[in-house]
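J.: Okay, here's the structure, questions in a sec.
There are 2 protein chains.
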Amino acid sequence: MGKQVTEMLKGTLEGIVLAILSGRSAYGYEITAWLRDQGFSDIAEGTIYALLIRIEQRGLVDVEKVPSEKGPPRKVYSLNAQGREYLEEFWRTWSFLTERLEQLREGGK
Amino acid sequence: MGKQVTEMLKGTLEGIVLAILSGRSAYGYEITAWLRDQGFSDIAEGTIYALLIRIEQRGLVDVEKVPSEKGPPRKVYSLNAQGREYLEEFWRTWSFLTERLEQLREGGK
DNA sequence: CTCAGCTATTCAGTGTTGCTAGATACCGGT
DNA sequence: ACCGGTATCTAGCAACACTGAATAGCTGAG
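In order, the protein sequence lines correspond to chains Z and F. Reminder that position 42 of the first sequence reads as 50 in my numbering, one-by-one numbering, no gaps. Reminder that position 18 of the second sequence reads as 26 in my numbering, one-by-one numbering, no gaps.
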């Protein structure tokens with residue numbers, strides 16, 4: 009996809025990853041692969057890792073190092089209480105945005 | 009509102025403004041006031057002007073200087089053919105994003 | 001044994017975007 | 001003359017996703 013999606017992902021990608029982690033724990037490589045599967049064809053490898061470090065430093069996730077049979081150890085992330093709170097706020101903000109845009113879409117055509 | 013909305017607006021604010029202009033021509037001050045009215049309480053004055061200049065330079069809008077009775081002349085922007093095309097692509101990208109997020113929201117709870 | 005290929009993470013540098021904060025300018029009323 | 005409302009512009013800043021490369025562990029082919 010193009011530049012449009014890249015810019016739109018700013019702010020939402022974080023929510024997307026948190027939402028994924030709210031269902032189950034996961035590690036970077038896994039998340040990236042899943043996103044590509046879902047059609048986010050051009051999400052860069054590095055982007056997810058940087059994002060994970062960011063949300064870790066903000067205390068939204070807990071981390072556990074787990075050895076892998078197929079390569080270097082995995083850093084498995086799981087959403088903690090603060091993360092869940094933040095995710096809820098994310099959904100509220102997202103709802104606000106979608107409502108406004110839905111109105112615009114209908115009004116404009 | 010907070011930082012969340014600020015980051016989420018990146019990429020979408022442009023689409024929002026284009027969507028507004030698809031309904032009627034408008035100038036910066038007017039657009040800012042309208043957005044504040046719609047609940048985007050903290051969209052900065054300068055942000056809209058910078059955005060308008062950007063989309064003008066990309067050739068998505070036409071501009072006309074119109075004298076005002078109440079102050080300096082207005083720069084009235086209107087969406088052109090290229091802008092409409094770009095707006096449609098924006099809606100497609102937006103739909104893609106909302107679908108993925110809707111899935112995540114349902115799956116996660 | 002070595003090398004390619006998959007798994008898995010990290011990092012420096014870049015571009016785009018919205019915000020902050022202030023300047024500039026035109027006009028009417030006090 | 002001054003202030004407030006209208007209207008636009010600008011420089012500097014912070015956050016975020018992308019690029020491109022490096023590092024590291026494991027397995028199977030040659």
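We put the beta carbon where it would ideally sit given N, CA and C, even for glycine.
Please go through the same chain and pick out, in chain order, the residues whose beta-carbon is closer than 7 angstroms to the beta-carbon of Glu38 (chain Z), but skip the five residues on each side of it.
T.: Working through the first sequence from its first residue, we reach residue 38 (chain Z) at position 30. Closer than 7 angstroms at Cβ, skipping near neighbours: no residue.
J.: Ends of the beta strand (DSSP E) at Leu87 (chain Z)?
T.: Position 79 of the first sequence holds residue 87 (chain Z). Note, Leu87 (chain Z): beta strand (DSSP E), Arg82 to Leu87.
J.: Return the residues of the segment 19 to 35 of chain F that lie within a Cβ-Cβ distance of less than 8 angstroms from chain Z, sorted by chain order.
T.: Hits within the stretch, in order: Gly19, Thr20, Glu22, Gly23, Ile24, Ala27, Ile28, Ser30 and Gly31.
J.: With burial defined as no fewer than 16 other Cβ atoms inside 10 Å of the residue's Cβ, what is the status of Glu22 (chain F): buried or exposed?
T.: Working through the second sequence from its first residue, we reach residue 22 (chain F) at position 14. It is buried - the Cβ of Glu22 (chain F) has at least 16 other Cβ atoms within 10 Å.
J.: Give me the subset of the segment 53 to 77 of chain Z whose CB atoms are less than 8 angstroms from a CB atom of chain F, sorted by chain position.
T.: Listed by position along the chain: nothing, the set is empty.
J.: Helix, strand or coil for Glu96 (chain F)? Go by DSSP, reduced to three states.
T.: Within the second sequence, the letter at position 88 stands for residue 96 (chain F). Here Glu96 (chain F) sits in helix by DSSP.
J.: Which partner residues of Val74 (chain Z) appear in the DSSP bridge assignment?
T.: Counting from one through the first sequence, the residue named residue 74 (chain Z) turns up at place 66. Beta-bridge pairing links Val74 (chain Z) to Z:Arg82.
J.: Quick check: is the beta carbon of Thr40 (chain Z) nearer than 7 angstroms to any beta carbon in chain F?
T.: As a first step, residue 40 (chain Z) is located in the first sequence; it is residue number 32 there, counting from the start. So no, Thr40 (chain Z) is outside the interface.
J.: Quick check on Ala34 (chain F): does DSSP put it in helix, strand or coil?
T.: On the second sequence, residue 34 (chain F) is found 26 positions in, with the first residue counted as 1. Strand, per DSSP.
J.: Would you tell me roughly how many angstroms separate the C-alpha atoms of Leu29 (chain F) and Ile61 (chain F), rounded to the nearest one?
T.: Within the second sequence, the letter at position 21 stands for residue 29 (chain F). Within the second sequence, the letter at position 53 stands for residue 61 (chain F). Rounded to the nearest angstrom, the two C-alpha atoms are 14 angstroms apart.
J.: Is Val13 (chain F) close to chain Z? Criterion is C-beta to C-beta, closer than 7 angstroms.
T.: If you number the second sequence from 1, residue 13 (chain F) lands on position 5. Answer yes: the Cβ-Cβ gap between Val13 (chain F) and chain Z drops below 7 angstroms somewhere.
J.: Can you pull the chain Z residues whose beta carbon is under 7 angstroms from the beta carbon of Gln90 (chain F), in chain order?
T.: For the purposes of this step, residue 90 (chain F) is taken as the residue at position 82 of the second sequence. Near Gln90 (chain F) there are no residues of chain Z at all, since even the closest Cβ is about 14 angstroms away, more than 7 angstroms.
J.: Evaluate Ala27 (chain F) with the Cβ neighbour count: other Cβ atoms within 10 Å of its Cβ, from every protein chain shown; 16 or more gives buried, anything less gives exposed.
T.: Taking the first residue of the second sequence as 1, we reach residue 27 (chain F) at position 19. With 16 or more other Cβ atoms within 10 Å, it is buried.
J.: Roughly how many angstroms separate the alpha carbons of Thr40 (chain F) and Ile56 (chain F), rounded to a whole number?
T.: Translated into positions along the second sequence, residue 40 (chain F) becomes position 32. Translated into positions along the second sequence, residue 56 (chain F) becomes position 48. Their backbone Cα atoms lie some 7 angstroms apart in a straight line.
J.: Determine the closest residue to Trp99 (chain F) out of F:Ala58, F:Tyr85 and F:Ile24, with distance taken between C-alpha atoms.
T.: On the second sequence, position 91 is the one that residue 99 (chain F) refers to. Closest by alpha carbon: F:Ile24.
J.: From this set, F:Leu59, F:Lys83 and F:Leu112, which residue's C-alpha is nearest Tyr35 (chain F)'s C-alpha?
T.: Looking up residue 35 (chain F) in the second sequence gives position 27. The shortest C-alpha separation from Tyr35 (chain F) is found at F:Lys83.
J.: Using DSSP's beta-bridge definition, name the partner residues of Val69 (chain F).
T.: Taking the second sequence and counting its residues from 1, the one referred to as residue 69 (chain F) is at position 61. Per DSSP, F:Leu87.
J.: Just the C-alpha distance for Gly115 (chain F) and Gly10 (chain F), rounded to the nearest angstrom, thanks.
T.: Here the question's residue 115 (chain F) lines up with position 107 in the second sequence. Here the question's residue 10 (chain F) lines up with position 2 in the second sequence. Straight-line Cα distance between these residues: approximately 26 angstroms.
J.: Please report whether the beta-carbon of Leu43 (chain F) lies at a distance below 7 angstroms from any beta-carbon of chain Z.
T.: On the second sequence, residue 43 (chain F) is found 35 positions in, with the first residue counted as 1. Not closer than 7 angstroms to any Cβ of chain Z, the Cβ of Leu43 (chain F) fails to qualify, so no.
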